[in-house]
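Report on one structure; see the data block that follows.
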Amino acid sequence: MTFTDSTGLIAARKAAAPNPLKSKLVKGELAHALSIKIISSIEIVGYAASAGYDCVLIDLEHSSFGLDTTNQLSCAALQLGLTPIVRVPANTSDWISRALDGGAQAIIVPHVNSAAEAANVVRYAKFAPIGERSATGTMPMLRYAPVPAKYANTVCNELTTVICMIETVRALDDVDSIAAVLGVDVLLIGCGDLTSDMGIPGEFDNPRIEEAFDRVAAAAEKMSVNGRLLSVGFGGLHNRLDLVEKFARKNPSARFVMAGADNTFVLQAVVDGANAAKTVAQSLLV
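Structure below.
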């Protein structure tokens with residue numbers, strides 16, 4: 001088939017898998033993700049879809065998963081209409097580009113502390129002319145459609161969500177510069193590491209955390225001009241959704257939340273089951 005610039009882009013966009021994360025951010029709705037750290041079977045993606053999650057977050061920073069497992073989970077998410085997000089363990093091209101080649105529609109890079117580091121993420125995640133990601137063949141994100149690279153790369157750039165984590169006081173101090181990096185789509189506040197760096201580990205009710213969200217949200221909203229949308233995300237608050245609601249109501253740009261993880265859900269279910277059995281055992285002793 002012969003493509004013109006117009007028909008080529010239409011074909012690539014038509015081939016692309018839905019991206020609920022991107023869609024919800026554009027509409028100003030809260031998108032929520034299930035983090036996957038211990039369950040490598042693709043059935044966990046089916047459970048996430050059945051439960052109504054928008055995304056699955058495959059966590060390579062805090063798991064023993066390799067790229068083979070990551071890519072299988074990503075492809076399963078694409079088939080089930082969820083956004084596959086991969087949190088890579090390092091800000092390097094070999095992790096970022098290969099996760100995207102394997103099906104990820106969004107990439108999270110931890111510990112981004114400067115504008116230069118944010119620029120590296122964009123460079124590795126985007127094709128030219130925005131970045132320097134190496135060209136590849138047919139891609140899971142486009143459901144393997146045989147679209148020429150000229151159009152496929154353009155549409156993949158449109159659909160790839162770049163998420164930089166703000167997890168240190170240093171990053172907070174430089175957040176305006178980080179936010180100004182074109183190609184960054186979400187500033188994700190890692191509350192666990194941020195509170196530790198502040199010397200208040202786990203104190204999510206501390207006023208400094210609300211101040212941090214306000215500061216990051218202000219930077220994001222200042223950059224959301226001339227067609228650019230920069231959003232804010234919640235990390236580490238899956239057990240404090242009351243704070244997610246509070247901060248999201250206050251800051252309209254805060255519209256992505258890591259809303260639970262397989263390891264914590266499994267642990268809670270096991271604890272509940274054991275406690276129920278122990279209650280029965282105790283009753284038999286009376």
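Read in UniProt numbering, the sequence shown has 239 at position 239, and its numbers run on one by one without any break. The C-beta atom is built at its ideal place from N, Cα and C for all residues, glycine as well.
>> Distance check for M139 and A212, CA to CA, integer angstroms please.
In response: For the purposes of this step, residue 212 is identified with residue 212 of the sequence shown, where counting begins at 1. For the purposes of this step, residue 139 is identified with residue 139 of the sequence shown, where counting begins at 1. A212 and M139: Cα-Cα distance of roughly 38 Å.
> Nearest-angstrom Cα distance between F234 and E167?
Replying inline: Translated into the one-based positions of the sequence shown, residue 234 becomes position 234. Translated into the one-based positions of the sequence shown, residue 167 becomes position 167. F234 and E167: Cα-Cα distance of roughly 11 Å.
> Fully enclosed by the region 26-97, which beta strand (DSSP E) runs are 3 residues long or longer?
Replying inline: You should have 31-36, 55-59 and 83-87.
> Just curious, the beta strand (DSSP E) that I200 is in, first and last residue?
Replying inline: As a position in the sequence shown, residue 200 is number 200, starting the count at 1. Where I200 is concerned, there is no enclosing beta strand (DSSP E), because DSSP gives it neither an H nor an E.
>> Considering just the uninterrupted stretch of the alpha helix (DSSP H) at K127, what are its terminal residues?
In response: Reading the sequence shown from its first residue, position 127 is the one you call residue 127. Note on identity: in this sequence residue 127 is Phe, with Lys being the wrong assignment. DSSP places F127 outside any alpha helix (DSSP H), giving it a letter other than H or E.
> Taking the C-alpha atoms as reference points, what is the distance between L67 and A125?
Replying inline: Taking the first residue of the sequence shown as position 1, residue 67 is located at position 67. Taking the first residue of the sequence shown as position 1, residue 125 is located at position 125. For L67 and A125, the distance between alpha carbons rounds to 16 Å.
> Which residue or residues does DSSP assign as beta-bridge partners of G190?
Replying inline: The residue you call residue 190 lines up with position 190 of the sequence shown. Residue pairing by DSSP places G190 opposite G235 in a beta bridge.
>> Looking at V162: is its Cβ nearer than 7 Å to the Cβ of G183?
In response: Translated into the one-based positions of the sequence shown, residue 162 becomes position 162. Translated into the one-based positions of the sequence shown, residue 183 becomes position 183. The criterion of a C-beta distance shorter than 7 Å is satisfied by V162 and G183.
>> Pop quiz: L78 and R255 are said to be a contact at Cβ under 8 Å. What is the actual Cβ separation, rounded to whole angstroms?
In response: Working through the sequence shown from its first residue, we reach residue 78 at position 78. Working through the sequence shown from its first residue, we reach residue 255 at position 255. The C-beta distance from L78 to R255 rounds to 22 Å, too long to fall under 8 Å, and the pair is not in contact.
> DSSP on R255, reduced to helix/strand/coil?
Replying inline: What you label residue 255 is simply residue 255 of the sequence shown in a count that begins at 1. Correct three-state label for R255: strand.
>> Measuring straight from C-alpha to C-alpha, what distance separates A119 and V181?
In response: Translated into the one-based positions of the sequence shown, residue 119 becomes position 119. Translated into the one-based positions of the sequence shown, residue 181 becomes position 181. Between A119 and V181, the C-alpha separation is close to 6 Å.
> Is the beta carbon of I44 less than 7 Å from the beta carbon of I36?
Replying inline: Along the sequence shown, one-based indexing puts residue 44 at 44. Along the sequence shown, one-based indexing puts residue 36 at 36. For I44 and I36, yes; Cβs fall inside 7 Å.
> Buried or exposed: D242, going by 16 or more other Cβ atoms within 10 Å of its Cβ?
Replying inline: As a first step, residue 242 must be located in the sequence shown, where it is residue number 242. Exposed.
> Would you call the CB atoms of G17 and A145 closer than 7 Å?
Replying inline: Here residue 17 corresponds to residue number 17 of the sequence shown, with the count starting at 1. Here residue 145 corresponds to residue number 145 of the sequence shown, with the count starting at 1. Looking at the sequence provided, one finds Ala at residue 17 rather than Gly. At the C-beta level, A17 and A145 stay beyond 7 Å of one another.
>> Our contact map puts A12 next to L142 with C-beta atoms below 8 Å; I'd like the distance itself, whole angstroms only.
In response: Mapped onto the sequence shown, residue 12 falls at position 12. Mapped onto the sequence shown, residue 142 falls at position 142. In this structure A12 touches L142 by the C-beta definition: roughly 6 Å separates them, less than 8 Å.
>> Can you tell me whether A248 is helix, strand or coil according to DSSP?
In response: Walking along the sequence shown from the start, residue 248 turns up at place 248. In the structure shown, A248 sits in a helix (DSSP, three-state: H, G or I).
>> Using a Cβ distance threshold of 8 Å, determine whether the region 187-199 contacts the region 51-68, with at least three qualifying pairs required.
In response: Between the region 187-199 and the region 51-68, the count of Cβ pairs shorter than 8 Å is below three; the stretches do not touch.
> For I178, which residues from the same chain have a beta carbon less than 6 Å from its beta carbon, with the 5 sequence-adjacent residues on both sides left out?
Replying inline: As a position in the sequence shown, residue 178 is number 178, starting the count at 1. For I178, where only same-chain residues beyond five positions count, the Cβ hits under 6 Å are A115 and A118.
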